[in-house]
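Here is the structure:
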């Protein structure tokens, strides 16, 4: 049956070739960055740059990690890690709770709460940067982890996702819990949370990448180089004069910046795809 | 089935409600409020101007140009990233063995931050050390995106599209795999060749996915490409790559023109609202498919 549509022999090879070319194009910028992070500055400034890795790999990465330009890269990696984990875990916890309240209770102003949260669904921080910055500055939260994390925790995607999921949970489970005399919190912790764990994991993958890759917000929030996250810190490594750019160091930093989220996507591919499809539903 | 009581649910919803109120509604309200004022040069007091900031904005040639730039930019990003992704997904859909490996290699650029993607492309096209600019120079084409507006636009479009291919690829592949095999087999038996099958059967069945991706990619190009623009061109040369979100930033933080920046935020609020409505109208429809 499949022979009818799936061409064999030459045609299949052409498709494989096409895919390999596609992957080559998609991966080339990263390969080039890798090569640049493994050679010396002198080799780079004489174009064309080499296309095979050099012998300065360890030297460049050590220099980036432990001295960097404005701040050592390990410090920026740590800041990014705190921010990404804070955003992902914070969003998941407050969303699990608020979705539980919305689905399993009827309380005054429930509809209002729902719409207030729901309205934040699509409003990115980029749109309201100046006033949000003022609010955070008034709280004295500039150059702090809470200032980096809290404004980005206010989003409804996760709440919406958990709401959808809870609504598919059979009524009988909550009914049984109530008949057994279990409190709502018992039901939430012993039954609902374990049932949600794949959803939680999938969402965590997406939110971790989201948090890690933030750029504009940390750019405004962190004037102290020691609080810079790695994604925004790279741009700060460029000098004002173009000819002095330390490309090997910057490219090493760029690769270090993409490593954690890329690892998450590659090693948790199934959860990643599930999360991606569900957050967009 | 619901539980009784109202204290517990209010307590449960409170953290999110508070954070949303403080970091979302308060700033959004501030933006709307400030958009009606012009602060004096010393920032001591503001003068009420009503819709003055908006009137000024929509007669400001730079702002109108930024609208056009945003439109051109987002259309190009959407078209470039979606067509490459569809091409790759069509091929990946046709092979049986090894498609998992190809998928892995194609999806991981999703995890690369737009700002990092910007740095990678800046490096390739840097007029002094970039490999792409060097080869173009050898072929007699002068590349300098720091001076040439058109080249600057293409560079930010390419860098923004590059990171987006993975996402579009995944959704196109899922859409293609949902097309019933039997329909395609039947068309093949009738002698329809690949492109005919694609245009008459696959593409129409794929249209929900395509429409969904169109909206999502436009939202992406509007709001999430700030990092690309900031790292590669900083909106230049001569504001040729200043998209709306970048202008809110550069007027508000660099130019310290708070009234105008607030008015621009409000305009963007409307744009977001509009796109949300479009998306939800569509999602409602998709549920009934």
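Chains as they are written, first to last, in our numbering: chain Y, 3 to 283; chain B, 30 to 318.
By construction, the Cβ of each residue, glycine as well, lies at the ideal position given by its N, Cα and C atoms.
Where the alpha helix (DSSP H) containing residue i begins and where it ends
i: residue 88 (chain B); result: 81–88
i: residue 139 (chain B); result: Note, residue 139 (chain B): premise wrong, no alpha helix (DSSP H); not H, not E.
i: residue 268 (chain Y); result: 249–269
i: residue 238 (chain Y); result: 232–238
i: residue 43 (chain Y); result: 43–46
i: residue 138 (chain Y); result: 131–140
i: residue 76 (chain Y); result: 75–106
i: residue 60 (chain Y); result: 59–68
i: residue 276 (chain B); result: 273–278
i: residue 266 (chain B); result: Residue 266 (chain B) -> no alpha helix (DSSP H), and no H or E assigned at all.
Pair within 8 Å by beta-carbon distance, residue i and residue j
i: residue 56 (chain Y); j: residue 69 (chain Y); result: no
i: residue 163 (chain B); j: residue 49 (chain Y); result: yes
i: residue 100 (chain Y); j: residue 45 (chain B); result: yes
i: residue 118 (chain Y); j: residue 163 (chain Y); result: no
i: residue 136 (chain Y); j: residue 285 (chain B); result: no
i: residue 89 (chain Y); j: residue 144 (chain Y); result: no
i: residue 121 (chain B); j: residue 128 (chain B); result: yes
i: residue 261 (chain B); j: residue 150 (chain B); result: yes
i: residue 1 (chain Y); j: residue 150 (chain Y); result: Absent from the structure is residue 1 (chain Y), since the part of chain Y shown begins at 3 and ends at 283.
i: residue 194 (chain B); j: residue 144 (chain B); result: no
i: residue 200 (chain B); j: residue 229 (chain B); result: no
i: residue 197 (chain B); j: residue 235 (chain B); result: no
i: residue 252 (chain Y); j: residue 148 (chain B); result: yes
i: residue 103 (chain Y); j: residue 47 (chain B); result: no
i: residue 128 (chain Y); j: residue 245 (chain B); result: no
i: residue 32 (chain B); j: residue 110 (chain Y); result: no
Listed by chain order, chain B residues near residue i by CB distance under 8 Å
i: residue 162 (chain Y); result: The premise fails here: residue 162 (chain Y) is roughly 11 Å from chain B at the closest Cβ pair, so nothing lies under 8 Å.
i: residue 217 (chain Y); result: 142, 143, 144, 255, 256 and 259
i: residue 97 (chain Y); result: 45
CA-to-CA distance, residue j to residue i, given in whole angstroms
i: residue 78 (chain Y); j: residue 258 (chain Y); result: 10 Å
i: residue 115 (chain Y); j: residue 160 (chain Y); result: 15 Å
i: residue 272 (chain B); j: residue 102 (chain B); result: 8 Å
i: residue 16 (chain Y); j: residue 234 (chain Y); result: 41 Å
i: residue 98 (chain B); j: residue 91 (chain B); result: 10 Å
i: residue 231 (chain B); j: residue 196 (chain Y); result: 40 Å
i: residue 190 (chain Y); j: residue 34 (chain B); result: 15 Å
i: residue 165 (chain B); j: residue 152 (chain B); result: 14 Å
i: residue 4 (chain Y); j: residue 131 (chain B); result: The predicted position of residue 4 (chain Y) is uncertain, since its pLDDT is 43 and thus under 50; a value taken from the coordinates is nonetheless stated next. Cα to Cα, the separation comes out at about 21 Å.
i: residue 276 (chain Y); j: residue 37 (chain B); result: 31 Å
i: residue 132 (chain Y); j: residue 290 (chain B); result: 8 Å
i: residue 37 (chain Y); j: residue 158 (chain B); result: 13 Å
i: residue 126 (chain B); j: residue 271 (chain Y); result: 18 Å
i: residue 154 (chain B); j: residue 161 (chain B); result: 5 Å
i: residue 316 (chain B); j: residue 94 (chain B); result: Annotation note: pLDDT 39 at residue 316 (chain B) (below 50); position unreliable, coordinate value reported separately. Going from the Cα of residue 316 (chain B) to the Cα of residue 94 (chain B) covers about 38 Å.
i: residue 288 (chain B); j: residue 74 (chain B); result: 12 Å
i: residue 117 (chain B); j: residue 214 (chain B); result: 21 Å
i: residue 285 (chain Y); j: residue 211 (chain Y); result: This structure cannot speak to residue 285 (chain Y), because chain Y is shown only from 3 to 283.
i: residue 318 (chain B); j: residue 167 (chain B); result: Low confidence applies here, because residue 318 (chain B) scores a pLDDT of 35, under 50, leaving its location unreliable and the question unanswered by this model.
i: residue 215 (chain Y); j: residue 138 (chain B); result: 12 Å
i: residue 250 (chain B); j: residue 278 (chain B); result: 16 Å
i: residue 255 (chain Y); j: residue 177 (chain Y); result: 54 Å
i: residue 203 (chain B); j: residue 274 (chain Y); result: 14 Å
i: residue 224 (chain Y); j: residue 218 (chain Y); result: 10 Å
i: residue 6 (chain Y); j: residue 18 (chain Y); result: Caution applies to residue 6 (chain Y), whose pLDDT of 47 falls short of 50 and renders its modelled position unreliable; the value that the coordinates give is listed next. So the alpha carbons of these two residues sit roughly 19 Å apart.
i: residue 141 (chain B); j: residue 227 (chain B); result: 32 Å
i: residue 250 (chain Y); j: residue 63 (chain Y); result: 9 Å
i: residue 106 (chain B); j: residue 192 (chain B); result: 10 Å
i: residue 255 (chain B); j: residue 183 (chain Y); result: 53 Å
i: residue 46 (chain Y); j: residue 292 (chain B); result: 45 Å
i: residue 67 (chain B); j: residue 265 (chain B); result: 27 Å
Beta-carbon neighbours of residue i, restricted to chain Y and to distances below 8 Å
i: residue 290 (chain B); result: 132
i: residue 86 (chain B); result: Under the 8 Å cutoff, chain Y gives no residues; its nearest Cβ is about 15 Å from residue 86 (chain B).
i: residue 182 (chain B); result: Neighbours of residue 182 (chain B) on chain Y: none; closest Cβ ~19 Å, over 8 Å.
i: residue 281 (chain B); result: 131 and 132
Start-to-end residues for the beta strand (DSSP E) that takes in residue i
i: residue 53 (chain B); result: Note, residue 53 (chain B): premise wrong, no beta strand (DSSP E); not H, not E.
i: residue 66 (chain B); result: 66–68
i: residue 76 (chain B); result: 75–77
Partners in chain Y for residue i, counting only beta-carbon separations shorter than 7 Å
i: residue 199 (chain B); result: 275 and 278
i: residue 297 (chain B); result: 129
Within chain B, the residues that residue i reaches when beta carbons sit closer than 7 Å
i: residue 237 (chain Y); result: 144, 259 and 260
i: residue 103 (chain Y); result: 38, 41 and 42
i: residue 268 (chain Y); result: 133 and 137
Proximal residues of chain Y, C-beta to C-beta of residue i below 9 Å
i: residue 320 (chain B); result: Within the shown structure, residues of chain B are numbered from 30 to 318, placing residue 320 (chain B) beyond reach of any answer.
Problem set entry | Residue ranges of each alpha helix (DSSP H) within the stretch 145–228 of chain Y, 4 or longer | List check, alpha helix (DSSP H) in window: 147–155, 159–170, 173–181, 186–189, 199–214 and 218–223.
Exercise. What are the start and end residues of each continuous alpha helix (DSSP H) run of 4 or more residues lying completely inside the stretch 154–226 of chain B, in chain order?
Worked result: 160–167, 178–206, 210–218 and 223–226
For this session: Quick one: which unbroken beta strand (DSSP E) runs of 3-plus residues sit fully inside the stretch 103–132 of chain B? Chain order, please.
Result: As far as the stretch 103–132 of chain B is concerned, it has no whole beta strand (DSSP E) run of at least 3 residues.
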